Amino acid sequence: MRIMTLMTDGADTHDRPDPPAESGPAGLLGRVDIVLVEPRGPRNIGSTARAMRNFGLSSLHVINGPPLDHPEAVMMAVNAGGLLRRASTHDALEDAIADATFVVGTTAKRRYRLPTLRPREAAERLIEEAARGRVAILFGREDHGLDGEELRHAHATVAIETAPECRALNISQAVLLLAYELWLAADASGVVADSNAGRLLTSQMRERLGRELVEAMTTVGMLHDGNEIPLVQSIERILALGPMQSRDARVLFALARRVQNLLSDGPQSGLE
298 MRIMTLMTDG ADTHDRPDPP AESGPAGLLG RVDIVLVEPR GPRNIGSTAR AMRNFGLSSL
358 HVINGPPLDH PEAVMMAVNA GGLLRRASTH DALEDAIADA TFVVGTTAKR RYRLPTLRPR
418 EAAERLIEEA ARGRVAILFG REDHGLDGEE LRHAHATVAI ETAPECRALN ISQAVLLLAY
478 ELWLAADASG VVADSNAGRL LTSQMRERLG RELVEAMTTV GMLHDGNEIP LVQSIERILA
538 LGPMQSRDAR VLFALARRVQ NLLSDGPQSG LE
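Sequential numbering from 298 applies to the sequence shown in my numbering.
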């Protein structure tokens with residue numbers, strides 16, 4: 298592992314070329330997406346890019362944030378100008394994590410259906426899953442974080458413990474802490490990125506499967522006033538238990554479609 302050198306904000310702001318894509322730890326870190334949901338401050342975006350570059354992360358997604366070329370963002374992205382220019386902007390969270398097979402949301406609130414991990418545990422799990430596909434970490438708004446609807450996309454949450462007299466963390470500070478843990482976890486893991494990744498259900502397909510299962514339940518009359526929300530939440534909990542193999546998801550897709558086809562007298566489709 299290369300030890301980084303410390304630099305003050307005013308020193309050496311010239312952008313440096315990114316290293317070529319690598320296998321091993323670098324290959325795993327290259328599969329980690331950092332997702333900022335509606336950040337308000339351009340400085341936070343620039344500082345996030347710098348923190349990512351410090352620890353080998355390269356994929357930044359910003360949902361409904363300030364322009365990435367804002368002067369304050371560029372000023373704070375010391376040696377990470379290229380990363381900032383390549384960052385993706387989105388109008389919806391679903392678009393940013395469409396290809397992710399495992400998603401972790403940062404939150405100070407414990408969610409009843411999601412395991413809550415410490416940063417080191419989260420980093421180790423993310424690196425383990427990065428060997429099989431893309432993974433994403435969601436960071437919420439400066440004032441109130443991620444909402445419940447956004448955390449529906451997560452398989453787990455991560456909480457960063459702080460001194461009780463000063464609990465608030467800046468977004469880029471949270472990114473820096475998790476980026477460091479990811480760097481350590483990737484270096485210590487001994488696993489390599491699977492070149493045949495793609496066998497796991499992506500976030501986009503997971504959302505689609507959830508909708509089709511709910512539609513099938515509606516078709517057979519399982520959903521009615523009073524039980525709709527609990528049953529839909531049960532489906533979400535099942536799909537959030539962990540990454541699902543695509544071949545297993547195909548069975549559930551086929552089952553949902555067969556139910557709907559049988560009851561609508563339509564054509565019966567098998568596994569697709």
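Just so it is clear, CB atoms sit at the ideal spot from N, CA and C, and this is done for glycine as well. None of these values were measured; they are calculated from a predicted model.
Grab the span of the beta strand (DSSP E) containing residue i for me, first residue to last.
i    : result
R243 : With the chain covering 298 to 569 only, the question about residue 243 has no answer from this structure.
V455 : 453-455
D389 : With the sequence shown as reference, residue 389 is identified as Ala, and Asp is not the correct amino acid for it. No beta strand (DSSP E) contains A389, which DSSP labels as neither H nor E.
A377 : Unbroken run through A377: none, as it is neither H nor E.
My output table needs one value for residue i: the three-state DSSP class, helix, strand or coil.
i    : result
V556 : helix
F550 : helix
V247 : As shown, the chain starts at 298 and ends at 569. That puts residue 247 outside it, with no answer to give.
H360 : In the sequence under discussion, the amino acid at residue 360 is Ile, which differs from the His named in the question. Here I360 sits in strand by DSSP.
A471 : helix
S385 : strand
S561 : coil
D522 : coil
G430 : coil
R503 : helix
R508 : helix
E587 : Outside the modelled stretch of the chain, which goes from 298 to 569, sits residue 587, for which no answer is possible.
A318 : Reliability fails at A318, whose pLDDT of 44 lies under 50, so the model's placement of it is uncertain and no value is given.
D366 : coil
Taking all protein chains shown into account, decide if residue i is buried (16 or more other Cβ within 10 angstroms of its Cβ) or exposed.
i    : result
E462 : exposed
D444 : exposed
I526 : exposed
E458 : exposed
H450 : buried
A384 : buried
G507 : buried
R415 : exposed
E447 : buried
R544 : exposed
N524 : exposed
H452 : buried
I535 : exposed
A465 : exposed
Start and end of the alpha helix (DSSP H) containing residue i?
i    : result
G343 : 339-351
G402 : No alpha helix (DSSP H) holds G402; the beta strand (DSSP E) holding it covers 397-403.
A420 : 416-427
R534 : 525-536
How close, in whole Å, do the beta carbons of residue i and residue j come, if the pair is a contact with beta carbons under 8 Å?
i    : j    : result
L381 : A370 : 7 Å
T398 : L497 : 4 Å
Q557 : A513 : 6 Å
T454 : T516 : Not really, about 33 Å apart at Cβ, beyond 8 Å.
I468 : P336 : 6 Å
G402 : M372 : About 29 Å; that fails the 8 Å criterion.
N472 : A348 : Strictly speaking, residue 472 in this sequence is Val, with Asn absent from that position. So it is a contact: roughly 5 Å between Cβ atoms.
Identify the residues that DSSP records as bridge partners of residue i: which are they?
i    : result
V332 : H358, L435
L497 : Q542
G442 : R438
T572 : One cannot answer for residue 572 here, as it falls past the ends of the chain, which runs 298 to 569.
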